[in-house]
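Asks: First residue of the sequence shown: 1, per full-length UniProt numbering; consecutive thereafter. For every residue, glycine included, the Cβ atom is placed at its ideal position computed from N, Cα and C. Here the structure is a predicted model, which means the values were calculated and not measured. One structure, pasted below without further comment.
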Amino acid sequence: MEITTSRLSVAGAGDVNALAWHPHGTLIALSCAAQAQVWHVASRTALAVWSGHPVWITALAWSPSGEWLACSFGDGTVRLWNPESGATKEMPGSHRDVALTVAWAPDGTGLASGGRDGSIRLWGLEEKAECTVQVGHEGPVNALAWSGKRIASGGEDGTVRLWETETGARTVLGRHSARVSALAWSPDRTALLSASREGTVLRWDLTTGTSTTVAKGELNGVFELVWSPARARVVGLGAGGVRQRDLRTGAAVTSAVPHREVTRAAGWSPDGGLLATVTREGGVRLADGTSGAEVAAWTARQDSVRTVRWSPDGCRLAAGGDDGVVRVWNPATGSATTTIEHGARVNFLEWSPCGTLLAGGGDGDMVRIWDADSGAAVTTHTGRCAGVISLGWSPDGGRLVTAGWDGFVRFWSTWGPLGELYGGGAAVWCVAWSPDGATVAAGVSGGGTGASAVRLWDAETRTEVGVAHTGWADVLALAWSPTGGLYTGDNEGVVRYWDSRLTPPGLVVDELPGEVRALRCSPDGTRILSATESGALREVREGHPQRQLSVASSIGDVIALHPDLDAVATGGSAGVVTVTRLPPSEAAPPVRLLGLPDRGWAAFWGEDRYRLRGDPAGRFWWSTGLRRHEPGELDGRGVTRLDQSAARGPGPSPR
């Protein structure tokens, strides 16, 4: 049988903050940063993933039929995903700020979302989806619950409101003393439960408009509410695990086995027999709905990639992240040529100018240097570091400068510390040496005080020789031009050019959507390429924007631009390094590089070609509908496993 509709799925990484049971009770959907995942409950295996939108998911809700999964996003959009077919839809009329909650009409013909902008947005789904906007809350709308022709909403202002979907009429039921976090209707639709973040749960009688208190104070944290004919309970989530209260008797119910981490979301199975909880770190637990005993547990989260850096010749790529492993990749073949055990989370890597050494730093107080070919340790520096988030080599390769969360910039020789200075802010996001090695630049955060700045120091005396105050804009990326000028990119999307002494106000050379995470200047200084976390790239040539690129498949939290400006490598919460040629083309599909346990690795070209070394460890698979196929099952049936001995991958690659 020839299979041509298989979809490659790679389990992602990042914080888990939402879950939703499928109406049939056999599946659970989880949000993992910007990825939606569908898990089979009985086998505890992931069946499908969707990473089609580069913004974190805030809430999930299945349609009553179980066909569509609604996802609300941090950019205010609401999108639908069909995990079986892979189809997606974007709902028109997004929120002006974060979309916080989403709810379906009981008959599946409507969808509602609540946002930080204080609005509720309604869509009818029978024909062409049109957006209706309702306002009334004084602040964000945190919770929605749909019943027939009425929608209940709870807000940051503490109010609980009712909205008539046909007439638009609205009623304020009452007010909590703190923000409302969850809502649930009774089965007969005559009563409503509302919960606040301070731990109060109220029961509203809609025939009389009065409320009674069913819990107060003992349920601290984020709330999930459930009400069923057989079991009416309120669930409180927090650092102490899960607390339940029976709403009929008022008695406390035996809690499920608590998570060691903070519980982020919970949900009851449709029949009320199981309670699922999930932590930010991805620990999923199922507890018996009556006894509270643990039934099953698994981990949904993988390790994020936190740094990617091109070698000076552009032929290799170094990456590291949460798993504490540094990998040196050959993007042309997709293979990991060197694997180095760092032992702790790796926040930043940088190649020496000659390309023979790698320096890395993480959350601890150590900076390590390795031989890039063999992976052997050259030296380890231990100092008063509060976590390294950026580092740079001097042009002659003899010195290092590191920056971290504590606001200090530290200087090192390859064999020991040379000194430190205070950057004057809460954290130092980036550092860079001038081409002549005489000056070090740094982007310094004001810590929300409006005192962010770019600072220059003399590399020998470590005295300040220039400063430019950038107000509320944190500079996240730096690039020196060959002539000694400095380009900066900030979290407001602005790219500026400064002279060698940071004479204000700086020339604005480009403005992009999103935070500028990477800058690189061409060797001759005639071009500057900038990239944002939203996937926008733009080239400026001789002061004028030349081309706008959108690399949707390469969006990531960390970005590295190729020395020749003809490729971009990204990594982030997806746990994958993606290399894309510039400009993108179908003839040169992005290469996705995935680190596996025990020095294993996998590489993917498009959906149907891959290389694999080692144990896949469940990290990737192919899906046909909601059927999972492990690596090897579809080889020769629409999927091709490439020979590891081939000199190159199937498409063009940098250099």
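(1) Buried or exposed for W472, please, with buried defined as at least 16 other CB atoms from any protein chain shown within 10 angstroms of its CB.
(2) Below 7 Å CB to CB, which residues in the same chain sit around G25 once its five sequence neighbours on both sides are set aside?
(3) Put W185 into one of helix, strand or coil per three-state DSSP.
(4) Checking the sheet assignment: what are the DSSP bridge partners for P417?
(5) Round the Cβ separation of L30 and L19 to the nearest angstrom and send it over; I've been treating them as touching at under 8 Å.
(6) Please classify S554 as buried or exposed, where buried requires at least 16 other C-beta atoms within 10 Å of its C-beta.
(7) Evaluate Q244 with the Cβ neighbour count: other Cβ atoms within 10 Å of its Cβ, from every protein chain shown; 16 or more gives buried, anything less gives exposed.
(8) Please state whether the Cβ-Cβ distance between A617 and R309 is less than 7 Å.
(9) So, for V172: in the same chain, excluding its five sequence neighbours on each side, which residues have a beta-carbon less than 6 Å away from its beta-carbon?
(10) Can you give me the C-alpha to C-alpha distance between A647 and A518, rounded to a whole angstrom?
(11) Apart from the five residues just before and just after A552, which ones in its own chain have a Cβ nearer than 6 Å to its Cβ?
(12) In its own chain, which residues sit with a C-beta less than 6 Å from the C-beta of G525, not counting the 5 before and 5 after it?
(13) Spell out the partners DSSP gives L192 in its beta bridges.
(14) With burial defined as no fewer than 16 other Cβ atoms inside 10 Å of the residue's Cβ, what is the status of P583: buried or exposed?
(15) Looking at C-alpha atoms only, which residue of G118, Q644 and H562 is the closest neighbour of G76?
(16) Grab me the residues of G324's own chain with a C-beta within less than 8 Å of its C-beta, minus the 5 sequence neighbours each way, in chain order.
(17) Could you name the residues of the same chain whose beta carbon sits closer than 7 Å to that of D499, not counting the 5 residues immediately before and after it, in chain order?
(18) Could you tell me whether the stretch 373–383 touches the stretch 421–432, where touching means 3 or more Cβ pairs closer than 8 Å?
(19) Between which residues of its own chain and A293 is the CB-CB distance below 6 Å, once the five residues before and five after are set aside?
(20) With Q37 as the anchor, note down where its beta strand (DSSP E) starts and where it stops.
(21) Does the separation of the CB atoms of G209 and V180 fall below 7 Å?
(22) Quick one: what does DSSP say M366 is sitting in, helix, strand or coil?
(23) Does R613 come out as helix, strand or coil in the three-state DSSP assignment?
(24) On the premise that I120 lies in contact with W68, defined as a C-beta separation below 8 Å, what is that separation, rounded to the nearest angstrom?
(25) How would you label C354, buried or exposed, when you count the other beta carbons within 10 angstroms and need 16 or more for buried?
(26) In the DSSP assignment, find the beta strand (DSSP E) that holds D458 and state where it starts and stops.
(27) Is the distance from the Cβ of G320 to the Cβ of L274 below 7 Å?
(28) If I follow the unbroken beta strand (DSSP E) through L529, where does it start and stop?
(29) Which value, in whole angstroms, describes the spacing of the CA atoms of T463 and L418?
(30) Taking the beta strand (DSSP E) that T307 falls in, what are its first and last residues?
(31) Buried or exposed: V579, going by 16 or more other Cβ atoms within 10 Å of its Cβ?
(32) Looking only at its own chain, which residues have a Cβ that is under 6 Å from the Cβ of V467, when we skip the five neighbours before and after it?
(33) Quick one, are the C-beta atoms of E511 and R527 less than 7 Å apart?
(34) Leaving out five residues on either side along the sequence, give the residues of the same chain with a beta carbon under 7 Å from the beta carbon of G514.
(35) Classify S196 as buried or exposed, calling it buried when 16 or more other Cβ atoms lie within 10 Å of its own Cβ.
(36) Under the assumption that L183 contacts L144 (Cβ atoms under 8 Å), give the Cβ distance between them as a whole number of angstroms.
Replies: If we stick to the structure as given:
(1) Within the sequence shown, numbered from 1, the residue matching residue 472 stands at position 472. With fewer than 16 Cβ atoms within 10 Å of its Cβ, W472 is classed as exposed.
(2) On the sequence shown, position 25 is the one that residue 25 refers to. These residues qualify, in order along the chain: S269, P270 and D271.
(3) Counting from one through the sequence shown, the residue named residue 185 turns up at place 185. In the structure shown, W185 sits in a strand (DSSP, three-state: E or B).
(4) Here residue 417 refers to the residue found at position 417 of the sequence shown. Beta-bridge partners assigned by DSSP to P417: W412.
(5) Residue numbering aside, residue 30 sits at position 30 when the sequence shown is read from its first letter. Residue numbering aside, residue 19 sits at position 19 when the sequence shown is read from its first letter. Contact check for L30 and L19: beta-carbon distance about 5 Å, within the 8 Å limit, so the pair qualifies.
(6) Taking the first residue of the sequence shown as 1, we reach residue 554 at position 554. At S554 the pLDDT is 40, less than 50, meaning the model places this residue with poor confidence and gives no usable figure here.
(7) The residue you call residue 244 lines up with position 244 of the sequence shown. Buried, because 16 or more other Cβ atoms sit within 10 Å of the Cβ of Q244.
(8) If you number the sequence shown from 1, residue 617 lands on position 617. If you number the sequence shown from 1, residue 309 lands on position 309. Contact flag unset, no.
(9) The residue given as residue 172 occupies position 172 in the sequence shown. So the list reads T159 and R161, once near-sequence residues are dropped.
(10) Taking the first residue of the sequence shown as 1, we reach residue 647 at position 647. Taking the first residue of the sequence shown as 1, we reach residue 518 at position 518. Note that A647 scores a pLDDT of 49, beneath 50, so its modelled location is shaky; the value from the coordinates is reported in the next line. About 30 Å.
(11) Here residue 552 refers to the residue found at position 552 of the sequence shown. Bear in mind that a pLDDT of 46 at A552, under 50, signals an unreliable position, so the number given afterwards is only what the model happens to contain. G535, listed in sequence order.
(12) Residue 525 sits at position 525 when you count from the first residue of the sequence shown. Excluding positions up to five away in sequence, the list reads S481, P482 and T483.
(13) Against the sequence shown, residue 192 aligns to sequence position 192. In DSSP, L192 forms a bridge with W185 and W204.
(14) Counted from its first residue, the sequence shown places residue 583 at position 583. P583 is exposed by the Cβ-count criterion.
(15) Position 76 of the sequence shown, counted from the first residue, corresponds to residue 76. Of the listed residues, the one whose Cα sits closest to G76 is G118.
(16) For the purposes of this step, residue 324 is taken as residue 324 along the sequence shown, with counting starting at 1. Counting only Cβ-Cβ distances below 8 Å, and skipping sequence neighbours, we find E341, H342, G343, A344, R345, V346 and G362.
(17) Within the sequence shown, numbered from 1, the residue matching residue 499 stands at position 499. Contacts found: G485.
(18) no
(19) Locating residue 293 in the sequence shown gives position 293, where the first residue counts as 1. Within the same chain, A293 has no close Cβ partners at all.
(20) Translated into the one-based positions of the sequence shown, residue 37 becomes position 37. Segment Q35 to H40, the beta strand (DSSP E) holding Q37.
(21) Residue mapping note: residue 209 aligns to position 209 of the sequence shown, counting from 1. Residue mapping note: residue 180 aligns to position 180 of the sequence shown, counting from 1. No, the pair does not count as a contact, with Cβ atoms beyond the cut-off.
(22) As a working mapping, residue 366 is identified with position 366 in the sequence shown. Correct three-state label for M366: strand.
(23) Your numbering for residue 613 matches position 613 in the sequence shown. Correct three-state label for R613: strand.
(24) Here the question's residue 68 lines up with position 68 in the sequence shown. Here the question's residue 120 lines up with position 120 in the sequence shown. Contact doesn't hold; Cβ gap of about 20 Å is too wide.
(25) The sequence position of residue 354 within the sequence shown is 354, counting from 1. C354 counts as exposed, since fewer than 16 other C-beta atoms from the protein chains shown sit within 10 angstroms of its C-beta.
(26) On the sequence shown, position 458 is the one that residue 458 refers to. Here the beta strand (DSSP E) through D458 covers S452 to D458.
(27) Position 320 of the sequence shown holds residue 320. Position 274 of the sequence shown holds residue 274. Not in contact: G320 and L274 (Cβ atoms no closer than 7 Å).
(28) Sequence index remark: in the sequence shown, residue 529 carries index 529 (1-based). Looking at the DSSP string, the run of the beta strand (DSSP E) that includes L529 is R527 to T532.
(29) Taking the first residue of the sequence shown as position 1, residue 463 is located at position 463. Taking the first residue of the sequence shown as position 1, residue 418 is located at position 418. One Cα belongs to T463, the other to L418, and the distance between them is close to 14 Å.
(30) Residue numbering aside, residue 307 sits at position 307 when the sequence shown is read from its first letter. Start and end: V305 to W310.
(31) Taking the first residue of the sequence shown as 1, we reach residue 579 at position 579. It counts as buried.
(32) The residue labelled residue 467 in the question sits at position 467 within the sequence shown. The answer, listed in chain order, is A453 and R455.
(33) Walking along the sequence shown from the start, residue 511 turns up at place 511. Walking along the sequence shown from the start, residue 527 turns up at place 527. Cβ distance not < 7 Å, so E511 and R527 don't count as in contact.
(34) Here the question's residue 514 lines up with position 514 in the sequence shown. Here the set comprises G493, T532, E533, S534 and A536.
(35) The residue you call residue 196 lines up with position 196 of the sequence shown. Label assigned to S196: buried.
(36) Walking along the sequence shown from the start, residue 183 turns up at place 183. Walking along the sequence shown from the start, residue 144 turns up at place 144. With 8 Å as the limit, L183 and L144 qualify as a contact, their Cβ atoms being about 7 Å apart.
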